[in-house]
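Colleague:
There are 2 protein chains.
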Amino acid sequence: MANSLDTIFAALADPTRRAILSMLLEDDMAVTDVAEPFEMSLAAISKHLMILTRAGLIAQEKRGRVKWCKLEPDAMKGASVWMQGFGQFEPVNLDAFERFLETELDSAPE
Amino acid sequence: MANSLDTIFAALADPTRRAILSMLLEDDMAVTDVAEPFEMSLAAISKHLMILTRAGLIAQEKRGRVKWCKLEPDAMKGASVWMQGFGQFEPVNLDAFERFLETELDSAPE
DNA sequence: GGGATCGTCAACCAAATGGTTGAATGTCTA
DNA sequence: TAGACATTCAACCATTTGGTTGACGATCCC
Numbered sequence: 870m871a872n873s874l875d876t877i878f879a880a881l882a883d884p885t886r887r888a889i890l891s892m893l894l895e896d897d898m899a900v901t902d903v904a905e906p907f908e909m910s911l912a913a914i915s916k917h918l919m920i921l922t923r924a925g926l927i928a929q930e931k932r933g934r935v936k937w938c939k940l941e942p943d944a945m946k947g948a949s950v951w952m953q954g955f956g957q958f959e960p961v962n963l964d965a966f967e968r969f970l971e972t973e974l975d976s977a978p979e
Numbered sequence: 870m871a872n873s874l875d876t877i878f879a880a881l882a883d884p885t886r887r888a889i890l891s892m893l894l895e896d897d898m899a900v901t902d903v904a905e906p907f908e909m910s911l912a913a914i915s916k917h918l919m920i921l922t923r924a925g926l927i928a929q930e931k932r933g934r935v936k937w938c939k940l941e942p943d944a945m946k947g948a949s950v951w952m953q954g955f956g957q958f959e960p961v962n963l964d965a966f967e968r969f970l971e972t973e974l975d976s977a978p979e
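So the protein sequences, as listed, match chains A and B.
Numbering-wise, this note's numbering puts 900 at position 31 of the first sequence, and it's gapless, one number per residue.
Numbering-wise, this note's numbering puts 960 at position 91 of the second sequence, and it's gapless, one number per residue.
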């Protein structure tokens, strides 16, 4: 549905949320740990995680008092397919990806 | 630069703008012709085209009093590479793309 | 020159977005 | 049971976004 492209692209448009996704690429994380490197309130991060969840880009599972966040990479597939229709992008270039990932991480606070 | 991912994803988050990009996939178009199928003012479409231009997704060239819009598919490449890092998406599936394109066009007015 | 056409600008508006703080809820642990 | 911890909720705020309208500057053509 077109609506999912709306929510997915909107979710990806924010650098904080992209940084969170990059962090979750490493491993699943608790909400508090996700928030730790950012200079904003836990409530703000909680909202970002809600947006990512509604977009289907992550899933959150509560175990005890800790809510774990994990990447749901399949959600990006539809958007990726949509974009690829606009050009014959060369097959996945991992070097280029590493570079983009680095600039993304650079934009997140230490 | 991370900023371009911001502007590209934000530009793609709006269904009107995605519909415009799909239209330009067919052929270059004048601003007035881009606006024709939409139920909103020319000024609104002009703003959408500005956003797409600033994101680098289209280019506009004025010839006489007509301003032509053409797709700049390369701009999506960085974003596409970024996204592909999150999963091993199968190589471009044109059938799937056609389906997504159709749902996109369905969401645009006739 | 004068009128039609193409497109943008400027001012305005309502709604959405991204953030804050403080209180509230639920869960673990001593 | 009491307190500490993990997370969200609710109210609020400033800024951005997506739209409108009307006036304006170019350009084409008779």
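Ideal Cβ placement from N, Cα and C applies to all residues, glycine included.
Helix, strand or coil, according to DSSP, for residue 944 of chain B in the structure here?
Modeller: Correct three-state label for residue 944 of chain B: helix.
Colleague: How about the region 886-904 of chain A and the region 939-956 of chain A: do they share at least three Cβ pairs that are nearer than 8 Å?
Modeller: Output reads yes: the region 939-956 of chain A touches the region 886-904 of chain A.
Colleague: Roughly how many angstroms lie between the CA atoms of residue 917 of chain A and residue 911 of chain B, to the nearest whole one?
Modeller: Each residue's alpha carbon lies about 34 Å from the other.
Colleague: Taking the alpha-carbon positions, what's the residue 874 of chain A to residue 934 of chain A distance?
Modeller: Near 32 Å, if we compare the C-alpha coordinates of residue 934 of chain A and residue 874 of chain A.
Colleague: Are the beta-carbon atoms belonging to residue 924 of chain A and residue 876 of chain A less than 7 Å from one another?
Modeller: Yes; because the gap between Cβ atoms is below 7 Å, this pair is in contact.
Colleague: Is residue 924 of chain A helix, strand or coil when you go by DSSP?
Modeller: Here residue 924 of chain A sits in coil by DSSP.
Colleague: Apart from the five residues on each side of it in sequence, which residues of its chain come closer than 6 Å, Cβ to Cβ, to residue 898 of chain B?
Modeller: If we look at residue 898 of chain B and ignore the five residues flanking it on each side, its Cβ neighbours are 938.
Colleague: Taking only beta-carbon positions, decide if residue 952 of chain B is within less than 7 Å of chain A.
Modeller: Closer than 7 Å to some Cβ of chain A, the Cβ of residue 952 of chain B qualifies, so yes.
Colleague: So with CB distances below 7 Å, who are the chain B contacts of residue 956 of chain A?
Modeller: The answer, in chain order, is 942, 943, 945, 946.
Colleague: Starting from the N-terminal side, write out each stretch of the alpha helix (DSSP H) that is 4 residues or longer and does not extend beyond the region 882-918 of chain A.
Modeller: Whole alpha helix (DSSP H) segments, 4+ residues: 884-895, 900-904.
Colleague: Just mark residue 919 of chain A as buried or exposed, buried being the case when its beta carbon has 16 or more other beta carbons within 10 Å.
Modeller: Counting Cβ neighbours within 10 Å, residue 919 of chain A comes out exposed, since fewer than 16 surround it.
Colleague: Report buried or exposed for residue 913 of chain B, applying the criterion of at least 16 other Cβ atoms within 10 angstroms of its Cβ.
Modeller: Burial call: exposed.
Colleague: Could you work out which residues of chain B lie near residue 924 of chain A, taking near to mean beta carbons separated by less than 9 Å?
Modeller: Within chain B, no residue comes near residue 924 of chain A; the closest Cβ sits about 10 Å away, beyond 9 Å.
Colleague: Residue 833 of chain B CB to nearest chain A CB: under 7 Å?
Modeller: This structure leaves residue 833 of chain B out entirely; chain B is present only between 870 and 979.
Colleague: Considering Cα atoms alone, identify which of B:889, B:922, B:900, B:946 is closest to residue 932 of chain B.
Modeller: When only C-alpha atoms are compared, the closest one is B:900.
Colleague: Straight-line CA distance for residue 956 of chain A to residue 915 of chain A?
Modeller: Those two C-alpha atoms are separated by around 36 Å.
Colleague: When Cβ atoms are compared, which residues of the region 896-912 of chain A fall closer than 8 Å to chain B?
Modeller: Residues: none.
Colleague: 7 Å is my cut-off, CB to CB: does residue 949 of chain B come that close to chain A?
Modeller: True, the Cβ-Cβ gap to chain A drops below 7 Å.
Colleague: Going along the chain, which residues of the region 884-895 of chain B sit with their C-beta nearer than 8 Å to a C-beta in chain A?
Modeller: Listed by position along the chain: 884, 887, 890, 894.
Colleague: Kindly list the residues whose CB is nearer than 8 Å to the CB of residue 947 of chain A, restricted to its own chain and excluding five residues on each side of it in sequence; keep chain order.
Modeller: Here the set comprises 873, 874, 877.
Colleague: Closer than 7 Å by beta-carbon distance: list the chain A residues that pair up with residue 874 of chain B, in chain order.
Modeller: Within 7 Å Cβ-Cβ: 887.
Colleague: Taking just the CA atoms, how far does residue 929 of chain B sit from residue 922 of chain B?
Modeller: The straight-line gap from Cα to Cα measures roughly 7 Å.
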